[in-house]
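Trainee: My structure is below; once you've seen it, I'll send some questions.
In my numbering, the protein residues as written are 35 to 476.
Right under this line is the structure:
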């Protein structure tokens, strides 16, 4: 009965986009839980009796697992398909939220954040694989950007609306809500998502033969890692997203409160402007890249915009609140270029490595959170004068300015990578002919 209903739906032109959008709703979900600590920093520091470095480490527990799992996630998605992994990982994420909302132990809270990171690690790669299997190739960069748009909406939901819910019901109840939502979403994904569009599953894609070749995953990984451009593109992704990892997902709200002397709700609104920049630029830059048949020009333009915005925000004194909003928007807009990096890795790697290549690139993109969230917390600690308020440490505006001054230099690195290392593909697949699928597919 369900099979007949599904086949009827699959005949409609909108259905491939529905499949991808349903998978991308997980990306929205995981972004909301990813950035949630940024609006509850005081509450978390008071609840778990920690300071800035401890908070940075707790928030980064998500990324300690998320980041190294990207390559294994890509390999597993290539092998088992997105449907099973998306449904299962959503359940793991949901239970991570449940544990986090109820525990009073710092260690258990770290494990809960790690559970969220583990489940989330499979999301973006799965979405990219579904896009490549269900949608026209010429729409890949644009749809990748549209996925990032949904992620940005999730981050916006994890800022001001979550701040409101936290103050209305408490941070624990606000986090527990994600547990119930996650269970509903897991059921929806299992019911509707399929690994391939009807008639597009390649003959070479047979589970039994592939399971006999245990070295297949290593061969995929070797193809990706042996290409120098995979490393350069990943390094660029690191530079364009690290600013968001530092400012957007953890420290930005308190920076804005302290430097501009505004309320937590106003500061959350400022960080929402960053995510609006990401939401607008991700599909727009992807579309622009496809339109002008260039990958390097959008990358270079984005890094220059990011440098301009963060240079003014963090190096100039007495920046007005209105100018700060513009700078924060530019920071978010520049980060949208990461969608183009996934188009690039698709251009340079064989189709059968799509999950693996995307996983490697996503690992590089998110590595900035692993390194810089606790590092910035440590830098804040250097300038702490031991002031406390409601059981949480208070940091001066000068401490935040010093800690954030690393961000413009990261955008400079992105400009250097684009100018001197990353090669143009003209949005075309440039894979050498000898890179064929070991089982006869493409």
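Positions of the beta carbon are idealized from the N, C-alpha and C atoms, including for glycine. Since the structure is predicted, the reported quantities are computational estimates derived from the model, not experimental observations.
Taking C-alpha atoms, which residue in 53, 59, 395 lies nearest to residue 270?
Mentor: 395
Trainee: Measure the C-alpha to C-alpha separation of residue 135 and residue 393 and round it to an integer number of angstroms.
Mentor: 29 Å
Trainee: My output table needs one value for residue 71: the three-state DSSP class, helix, strand or coil.
Mentor: helix
Trainee: What is the rounded straight-line gap between the Cα of residue 260 and the Cα of residue 112?
Mentor: 19 Å
Trainee: Can you give me the start and stop residues for the alpha helix (DSSP H) that residue 126 sits inside?
Mentor: 116-136
Trainee: Beta-carbon separation of residue 384 and residue 180 under 7 Å?
Mentor: no
Trainee: So, under 8 Å CB-CB, residue 370 and residue 336 are touching, yes? Tell me the CB distance rounded to an integer number of Å.
Mentor: 7 Å
Trainee: Checking 7 Å against the spacing of the C-beta atoms, do residue 340 and residue 445 come in under that value?
Mentor: yes
Trainee: What is the rounded straight-line gap between the Cα of residue 182 and the Cα of residue 332?
Mentor: If I take the Cα positions, the gap works out to 16 Å.
Trainee: Whose C-alpha, out of 282, 148, 96, 92, is nearest the C-alpha of residue 78?
Mentor: Residue 92 is the option with its Cα nearest to residue 78.
Trainee: Does residue 453 pass the burial test, meaning 16 or more other C-beta atoms within 10 Å, or should it be called exposed?
Mentor: Around the Cβ of residue 453, a 10 Å sphere holds fewer than 16 other Cβ atoms; the residue is exposed.
Trainee: Going straight from the alpha carbon of residue 214 to that of residue 449, what length do you get?
Mentor: When rounded, the distance between both Cα atoms is 43 Å.
Trainee: Within the same chain, show all residues whose beta-carbon is closer than 8 Å to that of residue 422, passing over the 5 residues directly before and after it, in chain order.
Mentor: 428
Trainee: Taking 8 Å as the limit between beta carbons, can you name the residues of its chain near residue 5, skipping five residues before and five after?
Mentor: The structure shown does not extend to residue 5, since the chain is modelled only from 35 through 476, so no value can be given for it.
Trainee: Is residue 146 closer than 7 Å to residue 159 when the C-beta atoms are compared?
Mentor: no
Trainee: Determine the contact status of residue 230 and residue 434, defining contact as a CB-CB distance below 7 Å.
Mentor: Inclusion of residue 230 and residue 434 in the CB contact set at 7 Å is not warranted, their separation being larger than that value.
Trainee: Going by beta carbon distance, what residues of the same chain come within less than 7 Å of residue 101, once the five residues before and after it are set aside?
Mentor: If we look at residue 101 and ignore the five residues flanking it on each side, its Cβ neighbours are 397, 400, 401, 404.
Trainee: Only counting runs of 4 or more residues, tell me where the alpha helix (DSSP H) segments fall wholly within the segment 168-192, in order along the chain.
Mentor: 174-191
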